[in-house]
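Trainee: Take a look at this one; I'll ask things after.
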Amino acid sequence: MKTNGDDVAHISELQGSAPQELLRWALLRFHPRIAFASSFGAEDVVLIDMLVRIRPDARIVTLDTGRLHEETYDVMERIRRRYGVGIETFFPDREAVERLEREKGLYSFRDGIEHRKECCAIRKVEPLRRALAGLEAWISGLRREQAVTRGRIRNVEFDEAFGLLKLNPLADWSESQVWDYIRRHDVPYNDLHDRGFPSIGCAPCTRAVHKGEDIRAGRWWWERPEQKECGLHADAPDRVPAAEEVATAEPGLVAAPSIRSGS
Ligand code: SF4
Numbered sequence: 083m084k085t086n087g088d089d090v091a092h093i094s095e096l097q098g099s100a101p102q103e104l105l106r107w108a109l110l111r112f113h114p115r116i117a118f119a120s121s122f123g124a125e126d127v128v129l130i131d132m133l134v135r136i137r138p139d140a141r142i143v144t145l146d147t148g149r150l151h152e153e154t155y156d157v158m159e160r161i162r163r164r165y166g167v168g169i170e171t172f173f174p175d176r177e178a179v180e181r182l183e184r185e186k187g188l189y190s191f192r193d194g195i196e197h198r199k200e201c202c203a204i205r206k207v208e209p210l211r212r213a214l215a216g217l218e219a220w221i222s223g224l225r226r227e228q229a230v231t232r233g234r235i236r237n238v239e240f241d242e243a244f245g246l247l248k249l250n251p252l253a254d255w256s257e258s259q260v261w262d263y264i265r266r267h268d269v270p271y272n273d274l275h276d277r278g279f280p281s282i283g284c285a286p287c288t289r290a291v292h293k294g295e296d297i298r299a300g301r302w303w304w305e306r307p308e309q310k311e312c313g314l315h316a317d318a319p320d321r322v323p324a325a326e327e328v329a330t331a332e333p334g335l336v337a338a339p340s341i342r343s344g345s
C-alpha cells in the first residue's frame, strides 16, 4: 500500500494527538507493513499494551544484541505470555560479531566513541535495518524529555536514515504519564526500573543512576550527553514529512542509516 497526499494532510492533523489515536490510524493504514521496534523499556511496554488493544497481531520487532540484561529477557517473556503476542527477534550478523570480538575483545566499546559506534552498528543498526526492510513505517517509544538528543522529535516524522515514516506516539508524554499508564493497566515491566535504571540498553553499557542524575546518565556514562545515541534514531527532522517523501516511502526503499553515537 502506498502512502499519498491524503496521508500527509492527515499526518499534520495527527501531530499532538493521543497515542492510541495515532496508533489506530497507523495500523489501519499500514499493517502489516508497520512494526514497533521495542527494547521493552517502560515506554515500550506501554505502547505494546496500546497496540494489542487495537490489533492483537500488531508486529513487534526487537534486537537481541547478545549483551542484554537477564531482566530484559525476562520481561520480554512475560509480555509474550501476558498478551499472546509474537515477538520478531533480530540478531546481529554472526560473522561480524565473531570478527569484532576476535580482533578487539569483548569491551572494545569502552576504548572510544568510534569503537562504541562500531559495536552499536554491528549489534543494533544493521539488525534494525533488516527488521525494517520492506516496511512503510515504524514505531518507536521515544519521548522528547528523555535526552538532549531527542528534544526535537515529533509524533510523526520522516526518518531520513531508514527512508520510512516514523511514529513516536509518546513524544510529548512525561515520565509520570508513562508510569501512571503502567500502574493503571498493570503492564509487565523490566525489574531493573525498580533498581535505579530509568533507561535500559545493553548490560555492559548501562548502569543505575544516582539521585538527581539525568535519566540517560546511566547509558554510556563515559560519554558526553550529546553523543548518547546508537544510530537507531537519527537526528529528528524539524519538520513534518513532505508529500513526495511520504509518497516514496515504499516497501524496499530503505536507505543506509547514518551511524551516530548511542537506544
Ligand atoms: Fe555494543 Fe554497548 Fe552499543 Fe550494546 S550498547 S551494541 S554492547 S556498544
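Numbers given in the numbering used here equal positions in the sequence shown, counted from 1, plus 82. The beta carbon of each residue, even a glycine, is placed where N, CA and C say it ideally should be.
How is Leu104 classed by DSSP in three states: helix, strand or coil?
Mentor: In the structure shown, Leu104 sits in a helix (DSSP, three-state: H, G or I).
Trainee: Which ranges does the beta strand (DSSP E) cover as unbroken runs of at least 3 residues, wholly within the region 184 to 238, from first to last along the chain?
Mentor: Taking only runs of at least 3 residues, the beta strand (DSSP E) segments lying wholly in the region 184 to 238 are 219 to 221.
Trainee: With a cut-off of 8 Å, do at least 3 Cβ pairs link the region 147 to 166 to the region 111 to 127?
Mentor: At 8 Å Cβ cutoff, the stretches touch.
Trainee: Quick check: what's the CA-CA separation for Arg137 versus Leu109?
Mentor: Going from the Cα of Arg137 to the Cα of Leu109 covers about 8 Å.
Trainee: Let me know the beta strand (DSSP E) ranges lying completely inside the region 119 to 190, each 3 residues or longer, listed in chain order.
Mentor: DSSP runs (the beta strand (DSSP E)) wholly in the region 119 to 190: 141 to 145 and 169 to 172.
Trainee: So, with DSSP's three-state summary, where would you put Arg277?
Mentor: The answer is helix: DSSP assigns Arg277 an H, G or I state.
Trainee: Classify Glu95 as buried or exposed, calling it buried when 16 or more other Cβ atoms lie within 10 Å of its own Cβ.
Mentor: By the neighbour-count rule (16 or more Cβ atoms within 10 Å), Glu95 is not buried but exposed.
Trainee: In its own chain, which residues sit with a C-beta less than 8 Å from the C-beta of Ile161, not counting the 5 before and 5 after it?
Mentor: So the qualifying residues of the chain are Phe122, Val127, Ile130, Val167, Ile169 and Pro270.
Trainee: Examine the ligand SF4 and report whether any of its heavy atoms sits within less than 8 Å of the Cβ of Phe191.
Mentor: The answer is yes for Phe191.
Trainee: For Ala203, does the count of other Cβ atoms within 10 angstroms reach 16, so buried, or fall short, so exposed?
Mentor: It counts as buried.
Trainee: DSSP puts Ile116 in a beta bridge; with which residues?
Mentor: Looking at the DSSP assignment, Ile116 forms a beta bridge with Ala219.
Trainee: Between which two residues does the alpha helix (DSSP H) harbouring Asp352 extend?
Mentor: As shown, the chain starts at 83 and ends at 345. That puts residue 352 outside it, with no answer to give.
Trainee: Mind reading off the beta-carbon distance from Ala253 to Arg226? Whole number of angstroms is fine, and I expect it under 8 Å.
Mentor: Ala253 to Arg226, Cβ: 5 Å. Contact.
Trainee: Does the beta carbon of Trp302 fall short of 8 Å from some heavy atom of the ligand SF4?
Mentor: The answer is yes for Trp302.
Trainee: Measuring CA to CA, which of Glu196, Leu214, Gly245 and His267 is closest to Arg164?
Mentor: When only C-alpha atoms are compared, the closest one is His267.
Trainee: Since Leu105 and Leu210 should fall inside the 8 Å C-beta cutoff, what is the C-beta to C-beta distance between them, to a whole number of angstroms?
Mentor: That pair is no contact at about 20 Å.
Trainee: Measure the alpha-carbon distance for Gln102 versus Phe118 and round it to whole angstroms.
Mentor: Each residue's Cα considered, the two are about 14 Å apart.
Trainee: Just the C-alpha distance for Glu177 and Asp262, rounded to the nearest angstrom, thanks.
Mentor: Looking at the two C-alpha atoms, the distance is approximately 43 Å.
Trainee: Using a Cβ-Cβ distance under 9 Å, would Gly300 count as near chain B?
Mentor: No chain B appears in this structure, which consists of one protein chain only.
Trainee: Counting along the chain, where does the beta strand (DSSP E) carrying Lys248 start and finish?
Mentor: Residues Leu246 to Leu249.
Trainee: I need the straight-line Cα distance from Gln97 to Arg298, nearest angstrom please.
Mentor: Near 26 Å, if we compare the C-alpha coordinates of Arg298 and Gln97.
Trainee: Let me know if Gly283 comes out buried or exposed under the rule of 16 or more other beta-carbons within 10 Å of its beta-carbon.
Mentor: Result: buried.
Trainee: Among Ala100, His92, His315 and Glu159, which has the Cα closest to the Cα of Trp220?
Mentor: Among Ala100, His92, His315 and Glu159, the Cα nearest to that of Trp220 is on His315.
Trainee: Report the rounded CA-to-CA distance for Asp192 versus Arg198, giving the unit in angstroms.
Mentor: Before going on, a small fix: residue 192 reads as Arg here, not Asp. Distance between the alpha carbons of Arg192 and Arg198: 7 Å.
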